[in-house]
Amino acid sequence: MPQTLATHIQDQDLATLLSAIATACVQIESRIRTAGLSDILGSFGHTNIQGEQQQKLDVFANDCIIAALKPLATVAAIVSEEDDEPIVFTDKPGAKYIAIFDPLDGSSNIDVNVNVGTIVSIQQIEAGETATTLKAGNKQVAALYVVYGPSTILVYTAGSGVHGFTLDPDTTSFVLNWEEMKMPPQGPYYSANEANIADFPPAYQQALAGLRDGTLLGAKYSSRYIGSLVADFHRTLLKGGVFLYPPTAKAPNGKLRLLYEANPLAMIAEQASGAATNGTQRILDIAPTEPHQRTTFIIGSRHEVEAITKLAAGK
Ligand code: P6P
78 MPQTLATHIQ
88 DQDLATLLSA
98 IATACVQIES
108 RIRTAGLSDI
118 LGSFGHTNIQ
128 GEQQQKLDVF
138 ANDCIIAALK
148 PLATVAAIVS
158 EEDDEPIVFT
168 DKPGAKYIAI
178 FDPLDGSSNI
188 DVNVNVGTIV
198 SIQQIEAGET
208 ATTLKAGNKQ
218 VAALYVVYGP
228 STILVYTAGS
238 GVHGFTLDPD
248 TTSFVLNWEE
258 MKMPPQGPYY
268 SANEANIADF
278 PPAYQQALAG
288 LRDGTLLGAK
298 YSSRYIGSLV
308 ADFHRTLLKG
318 GVFLYPPTAK
328 APNGKLRLLY
338 EANPLAMIAE
348 QASGAATNGT
358 QRILDIAPTE
368 PHQRTTFIIG
378 SRHEVEAITK
388 LAAGK
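Sequential numbering of the sequence shown, starting at 78, is according to the numbering used here.
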């Protein structure tokens, strides 16, 4: 009998929570897969042939995840990329989890049929904290992403290794097919938007040059950049290498969000023997000050992350 998320996670409350999120992702996948069709059906403006108001996919994804979490007695609050303020459920005494997520990262890629993803971080309220206490990524109890593509894959960690599941479209359940995923200690690819290279701090320009000509780590790298964080990270997890989004003129603190992009992927990377920093410290040690704050992001195989961070930190 193939293992599902519900049977793979030891803690029953966490299993119920992550399974509910996985079910919402099945709904999201179904809408993504037919997005083009609904455009054709709804070619007369923004309503489809059923006369339904077509929702932007990221709003739809957000609604799916919130609808899945709202009934759970264990969920005290939600922080979503789509909502300026946290959603706090005041009618759930004893609720302990805070779900923090980007419901559909890279959604603009859907128009050109490129992978998009859902990224989720789970925090747990501890003594003396409230449902809106912001905590560093090293306190996460679980992290999960789903990458929607030729196949739809869910990867999670609850602090005991990284495990991958593939969506079986016939049963619409995620089936375990990778246990204990490990990121190669060094890989063949670097992944950065080099259109911004003139904006990057000199240390990052030096690092990319060193990856290209082989002087940084003794091997010449190839470049891969999809422009969809979850897809670029998933490739890095499987093949090794490094993804980096340094500071730019447009994003002087980096573009990616700490709480629901960098933290969950950093937990997965570290659990898979990789690493993630902001150029000076571990992503997971950053003490957040606001829910949507951004960060410089370097994530991937240990050798690359350590070498680039050393340069960026001026060491
Ligand atoms: P740029 C997508 O919009 C996103 O948030 C991430 O998925 C992706 O890694 C990044 O932005 C791409 O940003 O500036 O290279 O287009």
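Note that CB positions come from ideal geometry on N, CA and C, so glycine has one too.
Shown here for I187: same chain residues with a beta carbon closer than 7 angstroms to its own, the five before and five after excluded, namely I109, A112, L134 and V193 in chain order.
Residue V197 holds the alpha-carbon nearest to the alpha-carbon of F178 among D168, V197 and E162. Nearest neighbour of P148 by Cα position, chosen from A97, V189, C102 and T195, turns out to be A97.
Residue nearest to T354 within the set V252, L335, D245 and A145 is L335 (criterion: CA-CA distance). Not a single heavy atom of the ligand P6P lies less than 7 angstroms from the C-beta of N330. The set of residues with any CB-heavy atom separation to the ligand P6P below 5 angstroms comprises, in chain order, D182, G183, N270, G304, S305 and L306. A residue is called buried when at least 16 other Cβ atoms come within 10 angstroms of its Cβ; N330 does not meet this threshold and is exposed. For Y281, the enclosing alpha helix (DSSP H) starts and ends at P279 to D290. P227 is classed as exposed because its beta carbon has fewer than 16 other beta carbons within 10 Å across all chains shown. Listed in chain order, the non-local C-beta contacts of A275 below 8 angstroms within the same chain number zero, local neighbours out to five positions each way being set aside. It is roughly 29 angstroms from the alpha-carbon of K173 to the alpha-carbon of Y225.
A direct Cα-to-Cα measurement between N190 and I164 gives close to 32 angstroms. In this structure, DSSP gives V191 a state outside helix and strand, which the three-state scheme calls coil. A residue is called buried when at least 16 other Cβ atoms come within 10 angstroms of its Cβ; D161 does not meet this threshold and is exposed. In the displayed model, H85 falls within a helix according to three-state DSSP. Rounded to whole angstroms, the gap between the alpha carbons of P323 and M78 is 45 angstroms. The three-state secondary structure of G241, taken from DSSP, is strand. By the CB criterion at 8 angstroms, A153 and I202 fall inside the cutoff.
By the criterion of at least three beta-carbon pairs nearer than 8 angstroms, the segment 236–250 is in contact with the segment 345–360. Here the alpha carbon of L314 sits roughly 28 angstroms from the alpha carbon of V136. In this chain, the beta strand (DSSP E) harbouring N254 covers S250 to W255.
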